[in-house]
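Notes to accompany the following structure.
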Amino acid sequence: MNINQNYLKLQDSYLFSVIAKKVNDYREANPDKNVIRMGIGDVTLPLVPAVTEAMQKAVSEMGNAETFRGYGDEQGYGFLRQAICEYYAAKGVSLQQDEVFVSDGAKSDLGNILDIFATENSVLIPDPVYPVYVDTNIMAGRSISYMDGNEQNGFLPMPDSGTRADIIYLCSPNNPTGAVYNRKQLQAWVHYALENEAVILFDCAYEIFVADKALPTSIYQIDGAEKCAIEFCSFSKTAGFTGTRCGYTTVPHALVRGGTALNKLWLRRQTTKFNGVPYVVQRAAQAVLTDEGLQQIKTSIDYYLQNTKIIADTLTSLGIWFCGGVNAPYIWLKCPKNMSSWEFFDFLLETAGIVGTPGAGFGRNGEGFFRLTGFGNRGNTEEAMGRFAKINMPL
Ligand code: PLP
């Protein structure tokens, strides 16, 4: 018996455990101080009424012999796939129901999609980024190259003459930087992928936060993307489904490599290894995409974006460089005085009782940067930024 040795190559992630320990130590030493968490990567507002009502109705159906449902289609019920197609149609993207696959969230699909690609493929991953892309490829034994996000390119790396990759990850709006690719930039990536027969894995889990109508919220808004991209999206951040669990992945029929449609491979993979999302959850997700649901979640999204605006305004007034925020729940700031990410973490906790996330936890290029989020409550965000503005910042 041999284990998968690739697992031994994974780096332990100490990020959130170290943060928790530092915060606990600080609380013990300063029991009277109110610590404000500005590093939250999870939603805090509850499910909206349209969603809970749909869930309650679905629960009743499940308890009734006439309306009870057992196994559903692995790829999701037609009613939800249809609702997702209509959501895309409103963005000007035409999809067929069988190009959309419903799942228990984007994280699972981002990891599972690797089943359909050969291990020899070269992978290109932005740095900094959501760490799941890196770890899932290490587990699969694939060699990874990184593309640098930095202040110069606004944390939106672009292909150049040296770029060489079969599989390319793009995350827009980006976690942790909040940066969003514009149409021209995405067009350049699509062009690269088509020229080189690469496949783009496009993660738009935060698309609902894009407020600027000129920015793309789906890669399929770009010409030719249906021939080179798989898109991952989720109800987690869109509608507070982080604990409810539902996402969707789109694999267009036009995406063909080596004479095989990737849609066919993904269908085979899902019908073999996955048994579908609970009926009650799919009804909840369908309710998100109704006019009423979309209106209700907009209130939550606007609330988070107003929080990020409060953070952004404070940083602007202090002359601190940052990106993100306007079209994303994340603000990515440059640590003042060339402090390292962890030095700034300690400094902010000690001087203001504010907890954020050190950028170094998201990749090599995250060093010297720091993530704050709009997922907290309004009062805490205002209080935190009031404290932040009063710090004698060593700029
Ligand atoms: N993609 C990105 C960029 C994320 O930041 C996250 C979660 O934080 C996910 C995907 C995971 O989403 P889900 O809850 O649908 O698994």
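For the sequence shown, this note's numbering begins at -2 and goes up steadily by one. Where a beta carbon is used, it is the ideal one built from N, C-alpha and C, also for glycine.
Helix, strand or coil at residue i [DSSP, three-state]
i     : result
F229  : strand
D145  : strand
Y4    : helix
C243  : coil
C168  : strand
P46   : helix
I388  : coil
F152  : coil
I219  : coil
I33   : strand
A176  : coil
D157  : coil
K295  : helix
Y203  : coil
N272  : coil
M(-2) : coil
V15   : helix
L286  : coil
S57   : helix
T313  : helix
N27   : coil
V40   : coil
G383  : helix
D22   : helix
D209  : coil
D9    : coil
T378  : helix
T214  : coil
beta-carbon residue i near ligand 1 non-hydrogen atom, thresh 7 Å
i    : result
C168 : yes
T235 : no
S231 : yes
Y394 : The first residue shown for the chain is -2 and the last is 392, placing residue 394 beyond what the model contains.
T239 : yes
K104 : yes
D124 : no
A202 : yes
G244 : yes
Y127 : yes
G175 : no
N172 : yes
G38  : yes
Beta-bridge pairing of residue i - partner residues as DSSP gives them
i    : result
T257 : R254
V99  : Y245
D112 : DSSP lists no partner for D112.
P125 : Answer by DSSP bridge pairing: none, since P125 is not bridged.
I197 : I165, A226
V120 : I141, I164
Check: residue i C-beta below 7 Å from any heavy atom of ligand 2
i    : result
S297 : Inclusion of ligand 2 in the displayed structure is not the case, the ligand content consisting of ligand 1 alone.
Next item on the list: At 4 residues or longer, and completely inside the region 315 to 375: list those alpha helix (DSSP H) runs for me, N to C.
Entry: Fully contained in the region 315 to 375 are the following alpha helix (DSSP H) runs of length 4 or more, in chain order: 338 to 349.
Checklist line | alpha helix (DSSP H) segments (min. 4 residues) lying fully within the region 59 to 108 | finding: Fully enclosed alpha helix (DSSP H) runs of 4 or longer: 75 to 86.
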